[in-house]
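Undergrad:
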Amino acid sequence: MHSLDHLVTLLFWLAVAALAFGTMRRARLWRAGAAAPFNWAQLLTVPRRYLVDVHHVVARDPYIARTHMLVAGGAVAAVALVALNYGLMLYWPLLNGAIVLAAAVMLGGSYLVWQRRRAPLPRLSAGPWNRLPYTLAAFALGLLALALLPSALLSGFFAALIMLALLAGTAELVLGIGTGGPMKHAVAGVLHLAFHPRAERFAMRSTALRPLDLAAPVLGVEKPTDFRWNQLLGFDACVQCGKCEAACPAFAAGQPLNPKKFIQDMVLGFSGGSDAAFAGSSYPGITLGGHSGAPEEPILPALLAPETLWSCTTCRACVEECPMQIEHVDAIIDLRRFQTLARGALPGKGAEMLGNLRETATQGGYDNAARYHWAVDLNVRQIRPGESVDVLLVAGEGAFDMRYQRSLRALVKLLQAASVDFAILGALEVDTGDTARRLGDEATFQAQAARLIATLSTLTFGRILTADPHVFHSLKNEYPALGGHFTVLHHTVFLAGLASSGQLKLSATSETRAITYHDPCYLGRYNGETEAPRALLRQIGVRLTEMERSGLRGRCCGGGGGAPLTDIPGTQRIPDIRIADARATGAGLVAVACPGCTAMLEGVVGPRPEVIDVAELLAAALEGQA
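Here the working numbering is used: the first residue of the sequence shown is 441, the next is one more, and so on.
Take a look at the structure:
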């Protein structure tokens, strides 16, 4: 034992004190937020959420997965061993040997961090993040020297070097939470996983928005402290990896939205400050340094430009890619709710659409009696109170669109060919309110939902079927919170079941063009359904050529979240980017399973693949039978 051991012990306990002080200081900022459930026992969930849920996302990038395993694993092990050997003043050589192993692992990870930072990806933040490989390496090297150097060298110059290295690394690790530095996520991330604002997502795919209490004094979020405290905590968990930025369709299209900067702006909001020091990509078209925030100050427009808020398509690509499980879309909808309900500040044609909904229960101001004119020659039964039917077909707003009517007619023909007992709602159907909710008008959504739930409650049916993923999501996931409990199926899932059971008999398609499939966000990411449409296409002999971004990571078409109504300009259109993805596969046909996707992709001008619903391809195979 030598005097340096006691200095390390002193440094350890000073670090513990600094960490505790910094955490309490930061916690005061989080606690300024609105109330949310709290239970210390939730800390017990962290190991599984960290090792399973977080690493499930991290593992998508093998290089970063290895890096994180080495850095985080080595650091946690090293700190634990230092706490044991030096914190408790044991000074055992055997534990020093274990510290050597942990520090060596951490040093290897630090090298990988340095390599990544030598040629950084555009999505990575710079600034203080660039010092991480050096401070992490300093900590690891200090521990290695402490444990490996002979006692004779652990004094004077070498002792000073070791203490400086340990001090640099320790300061990075323990002062981050108190100062808002890069390593604040080491504490905030753990607490965020424990007290997550959407804890149910760790047990199932949870994407439904929370109902808003329309009697609350503040409708939505005006200022940072209107967010729930665990949302503020979640913002601090961001590691600025930029995976959300790289996935965001609005950012790619040059619209003024960057999910990573949005989260950092929310951090600025509750902690106070300007965005001048932000070391990543700004919102396209908006320069850094022009926005600032404070906990009790309105977020718009001082901290966030309105155009940024309305650029989001609510596709949840950012959420899907976030390794820290941050809920960007929930925060955006909270902000929209205040702007729409309290300020009436809705751009584009959003206000007109909401007016139509309130007056006619349709987005376009149509007569509901015309919703099923497309089916007048198909001998489709309309459900009546007192009658019973197995499947109730809910068409959605697309029923007023002539293009989508082709898809609906194909679906009806398939149901009739399979002898399905089904009926339509006819003039009883009203809009589900999904778009209103995404635009922040929770009042209109709840009114529409109450009306449709009341109608459905008077009818006798087994299941609801729809070809619109937005209708599917609302009825299946969001209506239950308002008292509407139904069994709801998307048409691709239902048809896949009919085909696999042999009830729906299909022949091989005569289509010779290469085909790719576009995953609708509200079917794939929102509801995890990516296989049924592909199974149906395989059933008719289609060999899919997948786009680079497909399945749960598919690129948005730009049609969700009311984006076509708010119509925030960018340097290009989101559907143009998606069609470029399709062209890159060499496909001559893009199969879709959403009327919104059909409309957006068919709106691309110039040469492009044909866009056709899966049901239309199946109906063509049906008609091709002898």
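A virtual CB, placed ideally from N, CA and C, is assigned to each residue, including glycine.
How long is the line joining the alpha carbons of Leu-896 and Val-911, rounded to whole angstroms?
TA: If you number the sequence shown from 1, residue 896 lands on position 456. If you number the sequence shown from 1, residue 911 lands on position 471. About 14 angstroms.
Undergrad: Taking C-alpha atoms, which residue in Ser-443, Ile-504 and Gln-482 lies nearest to Val-679?
TA: Here residue 679 corresponds to residue number 239 of the sequence shown, with the count starting at 1. The shortest Cα separation from Val-679 among Ser-443, Ile-504 and Gln-482 belongs to Ile-504.
Undergrad: In its own chain, which residues sit with a C-beta less than 7 angstroms from the C-beta of Ala-467, not counting the 5 before and 5 after it?
TA: Here the question's residue 467 lines up with position 27 in the sequence shown. Counting only Cβ-Cβ distances below 7 angstroms, and skipping sequence neighbours, we find nothing.
Undergrad: Considering only residues of the same chain and omitting the five flanking positions on each side of Ser-646, which have a CB-CB separation below 6 angstroms?
TA: In the sequence shown, the residue the question calls residue 646 occupies position 206. Around Ser-646: Arg-638 and Glu-640.
Undergrad: Can you give me the Cβ contacts of Gln-779 inside the same chain, cut-off strictly under 8 angstroms, excluding the 5 residues immediately before and after it?
TA: Position 339 of the sequence shown holds residue 779. Result list for Gln-779: Gly-660, Leu-740, Pro-746, Leu-749, Ala-785, Leu-786 and Gly-880, in chain order.
Undergrad: Note down the Cα distance separating Glu-760 from Arg-777, rounded to an integer number of angstroms.
TA: Taking the sequence shown and counting its residues from 1, one reaches residue 760 at position 320. Taking the sequence shown and counting its residues from 1, one reaches residue 777 at position 337. Using only the alpha carbons, I get a separation of about 23 angstroms.
Undergrad: Which two residues bound the contiguous beta strand (DSSP E) that contains Val-831?
TA: Position 391 of the sequence shown holds residue 831. 828–833 is the span of the beta strand (DSSP E), which, as asked, contains Val-831.
Undergrad: For Glu-685, count neighbouring Cβ atoms within 10 angstroms of its own Cβ and tell me buried if that reaches 16, exposed if not.
TA: Sequence index remark: in the sequence shown, residue 685 carries index 245 (1-based). Answer is buried; the Cβ neighbour count reaches 16.
Undergrad: Under a Cβ-count criterion, where at least 16 other Cβ atoms within 10 Å of its own Cβ denotes burial, should Phe-462 be classed as buried or exposed?
TA: Counted from its first residue, the sequence shown places residue 462 at position 22. Reading the sequence as shown, one finds Gly at residue 462 and not Phe. Counting Cβ neighbours within 10 Å, Gly-462 comes out buried, since at least 16 surround it.
Undergrad: How far does the alpha helix (DSSP H) with Val-707 in it extend, from its first residue to its last?
TA: On the sequence shown, residue 707 is found 267 positions in, with the first residue counted as 1. Here the alpha helix (DSSP H) through Val-707 covers 699–711.
Undergrad: Less than 8 angstroms between the CB atoms is what I'm expecting for Asp-770 and Leu-649, so what's the real figure, rounded?
TA: The residue labelled residue 770 in the question sits at position 330 within the sequence shown. The residue labelled residue 649 in the question sits at position 209 within the sequence shown. Correct: roughly 7 angstroms between the Cβ atoms.
Undergrad: Determine the DSSP secondary structure at Tyr-806, reduced to helix, strand or coil.
TA: Numbered from its first residue, the sequence shown carries residue 806 at position 366. Tyr-806: coil per DSSP, three-state reduction.
Undergrad: Measuring only the C-alpha atoms, how far is Thr-610 from Val-630?
TA: Counting from 1 along the sequence shown, the entry for residue 610 is found at position 170. Counting from 1 along the sequence shown, the entry for residue 630 is found at position 190. Straight-line Cα distance between these residues: approximately 18 angstroms.
Undergrad: Would the beta-carbon of Leu-744 fall within 8 angstroms of that of Ser-732?
TA: Position 304 of the sequence shown, counting from 1, holds the residue named residue 744. Position 292 of the sequence shown, counting from 1, holds the residue named residue 732. Result no, Cβ atoms of Leu-744 and Ser-732 do not sit closer than 8 angstroms.
Undergrad: Flag this pair as yes or no: are the beta carbons of Phe-702 and His-768 separated by less than 8 angstroms?
TA: What you label residue 702 is simply residue 262 of the sequence shown in a count that begins at 1. What you label residue 768 is simply residue 328 of the sequence shown in a count that begins at 1. Contact: yes.
Undergrad: By a C-beta neighbour count over all protein chains shown, 10 Å radius and 16 as the cutoff for buried, is Phe-452 buried or exposed?
TA: Against the sequence shown, residue 452 aligns to sequence position 12. Result: buried.
Undergrad: Return the chain-ordered list of same chain residues with a C-beta closer than 6 angstroms to the C-beta of Glu-1036, the five sequence neighbours on each side being excluded.
TA: Counted from its first residue, the sequence shown places residue 1036 at position 596. Residue identity check: residue 1036 is Gly in the sequence provided, not Glu. Gly-999.
Undergrad: With distances taken Cα to Cα, identify the nearest neighbour of Arg-891 among Ala-801, Ser-940 and Arg-953.
TA: Taking the first residue of the sequence shown as position 1, residue 891 is located at position 451. For Arg-891, the nearest C-alpha among the options comes from Ala-801.
Undergrad: Pull up the distance between the alpha-carbon of Val-1032 and that of His-931, whole angstroms please.
TA: In the sequence shown, the residue the question calls residue 1032 occupies position 592. In the sequence shown, the residue the question calls residue 931 occupies position 491. The alpha-carbon atoms of Val-1032 and His-931 are separated by roughly 12 angstroms.
Undergrad: Locate the alpha helix (DSSP H) running through Thr-1070, then write down its first and last residues.
TA: Lying before the first or after the last residue shown, residue 1070 is absent from the chain, which here runs from 441 to 1066.
Undergrad: So the candidates are Gly-902, Gly-709, Ser-595 and Val-658; which of them puts its Cα closest to the Cα of Leu-781?
TA: By one-based count along the sequence shown, residue 781 stands at place 341. Residue Val-658 is the option with its Cα nearest to Leu-781.
Undergrad: Does the beta-carbon distance from Arg-756 to Cys-961 come in below 8 angstroms?
TA: As a working note, residue 756 is residue 316 in the sequence shown. As a working note, residue 961 is residue 521 in the sequence shown. Yes.
Undergrad: In this structure, what does DSSP give as the bridge partners for Ala-474?
TA: On the sequence shown, residue 474 is found 34 positions in, with the first residue counted as 1. Beta-bridge pairing links Ala-474 to Arg-668.
Undergrad: Three or more beta-carbon pairs under 8 angstroms between the segment 534–545 and the segment 555–567, yes or no?
TA: The answer is no - the segment 555–567 does not touch the segment 534–545, with fewer than three Cβ pairs under 8 angstroms.
Undergrad: Excluding sequence positions up to five away, which residues of its chain have a Cβ less than 6 angstroms from the Cβ of Leu-459?
TA: In the sequence shown, counting from the first residue as 1, residue 459 sits at position 19. Excluding positions up to five away in sequence, the list reads Val-614.
Undergrad: Unbroken beta strand (DSSP E) runs of length 3 or more, entirely within the segment 832–919: which are they?
TA: Runs of the beta strand (DSSP E) inside the segment 832–919: 862–864 and 900–906.
Undergrad: Could you tell me the boundaries of the beta strand (DSSP E) in which Tyr-957 lies?
TA: In the sequence shown, residue 957 corresponds to position 517, counting from 1. Unbroken beta strand (DSSP E) run through Tyr-957: 955–957.
Undergrad: Checking the sheet assignment: what are the DSSP bridge partners for Ala-1031?
TA: Translated into the one-based positions of the sequence shown, residue 1031 becomes position 591. DSSP output for Ala-1031 lists Tyr-957 and Ile-1052 as bridge partner(s).
Undergrad: State yes or no: is the C-beta of Ala-972 within less than 8 angstroms of the C-beta of Val-1030?
TA: Reading the sequence shown from its first residue, position 532 is the one you call residue 972. Reading the sequence shown from its first residue, position 590 is the one you call residue 1030. Not closer than 8 angstroms, so no.
Undergrad: Give the straight-line distance between the Cα atoms of Gly-513 and Ala-692, rounded to the nearest whole angstrom.
TA: Locating residue 513 in the sequence shown gives position 73, counting from the first residue. Locating residue 692 in the sequence shown gives position 252, counting from the first residue. If you take the alpha carbons of Gly-513 and Ala-692, they lie about 34 angstroms apart.
Undergrad: Check whether the segment 941–952 and the segment 914–923 are in contact - that is, three or more C-beta pairs closer than 8 angstroms.
TA: The segment 941–952 vs the segment 914–923: no contact.
Undergrad: Below 8 angstroms on the Cβ atoms is my contact criterion, and I expect Ala-1027 with Ile-955 to pass it. Report the Cβ-Cβ distance as a whole number of Å.
TA: Here residue 1027 corresponds to residue number 587 of the sequence shown, with the count starting at 1. Here residue 955 corresponds to residue number 515 of the sequence shown, with the count starting at 1. That pair is a contact at about 6 angstroms.
Undergrad: Can you tell me whether DSSP reads Gly-998 as helix, strand or coil?
TA: For the purposes of this step, residue 998 is identified with residue 558 of the sequence shown, where counting begins at 1. If DSSP states are grouped into helix, strand and coil, Gly-998 belongs with coil.
Undergrad: What would DSSP say about Ser-714, mapped onto helix, strand or coil?
TA: In the sequence shown, residue 714 corresponds to position 274, counting from 1. If DSSP states are grouped into helix, strand and coil, Ser-714 belongs with the strands.
Undergrad: With DSSP as the reference, label Ala-555 as helix, strand or coil.
TA: Translated into the one-based positions of the sequence shown, residue 555 becomes position 115. The identity of residue 555 in the sequence shown is Gln, whereas the question assumes Ala. Here Gln-555 sits in helix by DSSP.
Undergrad: Taking the alpha-carbon of Leu-865 as reference, which of Ala-839, Arg-843 and Leu-854 has the nearest alpha-carbon?
TA: Stepping through the sequence shown from its first residue, residue 865 is reached at position 425. Taking only the C-alpha atoms, the option nearest Leu-865 is Ala-839.
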